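Trainee: Let me begin by handing over the structure; questions about it come next.
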Amino acid sequence: MRSITFRLASLFALATLLVLASIAYFLSRSVETHLAEMDWTEIYGKWQLTSNLVQQIRTPADKKAFPALLQSALVGHPYLSVAVDTQAGATLFASSHFSFPAGHAAAAANGQPQFASMLTWQRHGDVFRGIAAKTASAEPGGPIYIIRIAVQTEEHRRFLAHFHHMLLLALLFGMSTSAGLGWFIARRGLLPIRHMAGVAGKISASQLAERLEIDSVPQELHDLAIAFNDMLARLENAFQRLSDFSADIAHELRTPINNLIIQSQVALSQNRTNDEYRDTLASNLEEFDRLARMISDMLFLAKADNGLMTTEQADVDLTNEIGHLLEYFSPVMEEQNVKVVMSGTGRVRGDRIMLQRALANLLSNAITHTPPGGAIQVRLQQQAQQLQIAIQNPGQGIPQEQLDRIFDRFYRLDPSRRASPDGAGLGLAITQSIIRAHNGTITVTSRDGMTIFIVTLPMQ
Ligand SMILES: Nc1ncnc2c1ncn2[C@@H]1O[C@H](COP(=O)(O)OP(=O)(O)O)[C@@H](O)[C@H]1O
Ligand SMILES: [Mg+2]
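In terms of the numbering used here, the sequence shown opens at residue 1191 and continues consecutively.
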């Protein structure tokens, strides 16, 4: 795209051109009219003079003296053509610059000539303006004479040409001046944008905390600056999460690997019986299992992050799936003396395995956090085009300020349980990814010793 400076400067120049050109047009039109009026004044004056002289012809002697009389009256007007003819066509007087178009005499007006009856014609490359009108003399019988007057407009045309030339120069000068001014003004006006670009250019991954000062930016750029700052905030947040995540991964992997190293070192420090070796290997295997699960969970989340998670579209009967899960969990529930009350039915379209995994995570959390003797409630409820699944369990609950963090990776309420075998804090993160991949939502509330997770899934 062309630079804004260039475009503004061109628009300035164009606007000036338009304004100046229309002014020039009206100026030259009025100058032309004025010149025509000046020609008319001169022609009419000479007509009056000639007509006056014609009216004074009374005798043949007067008629004879007439040409000399008129000649002397016209001295000093080289651009003037004057002709006086009888109506029959005999010439009484003709000036040396004699130049009339054919038929001019025949078109002679009766009485006073008018400005409107002035003719314009060309001859020998020159332009003339003139009139023809009749006047009666004072001779017996009152014969009528045709008087024709014309002026050569060369001088006026030269003036006009010069005038047009000057107008053109003024136009070009005005245009280039305003283009230059436009360029200057645009550069000045765009200074804040370059300032913004300067600030943006200084921001790197390690300086994501940098922000544009909204007040130092002109009003027109406020929205841009705000959007820019919002983008930085999002980037900073995502970047922070990413670095937290890497730190967490390192931390989470360190504990089981340290365990493995210590167990192996202890086993190797002296001779052991076969049983002791078997115990060590079995315990190592458990540790490896946990590591493998954690790694595959992390891979799953990484895929979900990159939109690589593919969900199959099948009819899933959630009543059924939850039933199967409760069967699967029944030994643990018995052991912990916890029971589940289920109500409602529902089916959705989605990926059966994934939905199963999401629900299993929620159920196992609920079972783990329900005190002995407690009852978990699972409610399926259809609302318009959505299915709502509520899983509610009694227990200590989750403090309000931690509610929105429990979906974060590796986040667990009780840090001392970090090494616990039941999870690395990835369960809810995975559940959330799965629900989101199904265009659903998951929320949690916890108060008065009741924790409720509510999953909403579209039914189509
Ligand atoms: N139903 C629940 N009642 C109370 N706390 C819960 C419940 N579900 C999850 N939590 C809290 O949220 C944390 C994160 O859960 P999760 O992501 O499944 O990780 P994990 O189960 O591996 O600890 C748990 O450590 C627990 O403190
Ligand atoms: Mg869990």
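Glycine included, every Cβ here is placed at the ideal spot set by N, Cα and C.
If you're wondering where the values come from, they're calculated on a predicted model, not measured in any experiment.
Tell me, which residues are paired with LEU1647 by DSSP?
Mentor: Paired residue(s): LEU1577.
Trainee: Check VAL1244 in the structure and name its three-state DSSP category.
Mentor: Three-state DSSP puts VAL1244 in a helix.
Trainee: Out of ARG1401, LEU1210, GLU1329, TYR1234, point me to the one whose CA is closest to ALA1323's CA.
Mentor: Selected option, being the one with the closest Cα: TYR1234.
Trainee: What would DSSP say about VAL1221, mapped onto helix, strand or coil?
Mentor: The answer is helix: DSSP assigns VAL1221 an H, G or I state.
Trainee: By the three-class DSSP mapping on this structure, what secondary structure does PHE1478 have?
Mentor: PHE1478 falls in the helix class under three-state DSSP.
Trainee: Do you know offhand how far GLY1513's Cα is from SER1554's?
Mentor: Distance between the alpha carbons of GLY1513 and SER1554 is about 14 Å.
Trainee: Please give the ranges of any alpha helix (DSSP H) in the segment 1405-1489, keeping only runs that are unbroken, at least 4 residues long and fully inside the region.
Mentor: The segment 1405-1489 contains these whole alpha helix (DSSP H) runs: 1412-1458.
Trainee: Do the segment 1325-1343 and the segment 1264-1276 meet, that is, are 3 or more Cβ pairs less than 8 Å apart?
Mentor: At 8 Å Cβ cutoff, the stretches touch.
Trainee: Consult DSSP for ASP1594 and reduce its assignment to one of helix, strand or coil.
Mentor: Here ASP1594 sits in coil by DSSP.
Trainee: Nearer than 8 Å: is that true of the beta carbon of THR1641 relative to any heavy atom of ligand 2?
Mentor: The answer is no for THR1641.
Trainee: Could you tell me the distance, in whole angstroms, from the CA atom of MET1437 to the CA atom of ALA1556?
Mentor: Inspection of the sequence shows that residue 1437 is occupied by Ala rather than by Met. C-alpha separation (whole angstroms): 28 Å.
Trainee: Could you tell me which residues DSSP puts in a beta bridge with ALA1326?
Mentor: DSSP lists ILE1334 as partners of ALA1326.
Trainee: Nearer than 8 Å: is that true of the beta carbon of GLN1455 relative to any heavy atom of ligand 1?
Mentor: For ligand 1, not one heavy atom lies less than 8 Å from the Cβ of GLN1455.
Trainee: Report the rounded CA-to-CA distance for GLN1261 versus THR1276, giving the unit in angstroms.
Mentor: Distance between the alpha carbons of GLN1261 and THR1276 is about 18 Å.
Trainee: Hey, out of SER1366, PRO1408, LEU1357, LEU1371, whose CA is closest to PRO1382's CA?
Mentor: When each option's Cα is compared against that of PRO1382, the closest is PRO1408.
Trainee: Run the Cβ filter for me: residues under 6 Å from any heavy atom of ligand 2, listed in the order they occur in the chain.
Mentor: Per the Cβ criterion, the list is ASN1551, SER1554, ASN1555, GLY1613, GLY1617.
Trainee: So what does ASN1583 bridge to, in DSSP terms?
Mentor: Bridge partners of ASN1583: THR1641.
Trainee: How is GLY1617 classed by DSSP in three states: helix, strand or coil?
Mentor: GLY1617: helix per DSSP, three-state reduction.
Trainee: Let me confirm a value: VAL1456 is counted as buried when at least 16 other C-beta atoms fall within 10 Å, else exposed. Which label applies?
Mentor: Classification of VAL1456: exposed, given that the 10 Å Cβ count is below 16.
Trainee: If you count every other CB in all the chains shown that lies within 10 Å of the CB of ILE1581, and 16 or more means buried, which is it?
Mentor: So ILE1581 ends up on the buried side.
Trainee: Quick one: is GLU1442 buried, meaning 16 or more other Cβ sit within 10 Å of its Cβ, or exposed?
Mentor: Buried: at least 16 other Cβ atoms inside 10 Å.
Trainee: Would the beta-carbon of THR1367 fall within 9 Å of that of THR1240?
Mentor: No.
Trainee: Looking at C-alpha atoms only, which residue of THR1463, ASP1316, GLY1388, ARG1602 is the closest neighbour of SER1289?
Mentor: Comparing Cα-Cα distances from SER1289 to each of THR1463, ASP1316, GLY1388, ARG1602, the minimum goes to ASP1316.
Trainee: Quick one: grab the DSSP three-state call for PHE1318.
Mentor: PHE1318 falls in the strand class under three-state DSSP.
Trainee: Is the beta carbon of SER1623 within less than 8 Å of some heavy atom of ligand 1?
Mentor: Not under cutoff, so the answer is no.
Trainee: Which stretch, first to last residue, makes up the alpha helix (DSSP H) that contains GLY1540?
Mentor: Element bounds for GLY1540: not the alpha helix (DSSP H) but the beta strand (DSSP E), 1537-1540.
Trainee: So, helix, strand or coil for ASP1252, using DSSP?
Mentor: If DSSP states are grouped into helix, strand and coil, ASP1252 belongs with the helices.
Trainee: Is THR1635 a contact residue of ligand 1, with contact defined as CB to any heavy atom under 8 Å?
Mentor: The answer is no for THR1635.
Trainee: Considering only the alpha carbon of each residue, which of ARG1483, ALA1376, GLN1453 lies closest to ASP1469?
Mentor: Ranking ARG1483, ALA1376, GLN1453 by Cα distance to ASP1469 puts GLN1453 first.
Trainee: Span of the beta strand (DSSP E) holding VAL1530?
Mentor: VAL1530 -> beta strand (DSSP E) spans 1529-1533.
Trainee: Quick check: is any heavy atom of ligand 1 less than 8 Å from the C-beta of HIS1559?
Mentor: Yes.
Trainee: Please state whether the Cβ-Cβ distance between ALA1369 and SER1200 is less than 9 Å.
Mentor: Yes, these two residues count as a Cβ contact at 9 Å.
Trainee: Where DSSP assigns a beta bridge to LEU1309, which residues make up the other side?
Mentor: Paired residues: GLY1320.
Trainee: Report the three-state DSSP secondary structure of PHE1283 (helix, strand or coil).
Mentor: Correct three-state label for PHE1283: strand.
Trainee: Can you determine whether any heavy atom of ligand 1 sits closer than 8 Å to the C-beta of ASP1604, and answer yes or no?
Mentor: Yes, Cβ of ASP1604 sits closer than 8 Å to a heavy atom of ligand 1.
Trainee: Does DSSP put GLN1304 in a helix, a strand or coil?
Mentor: Coil, per DSSP.
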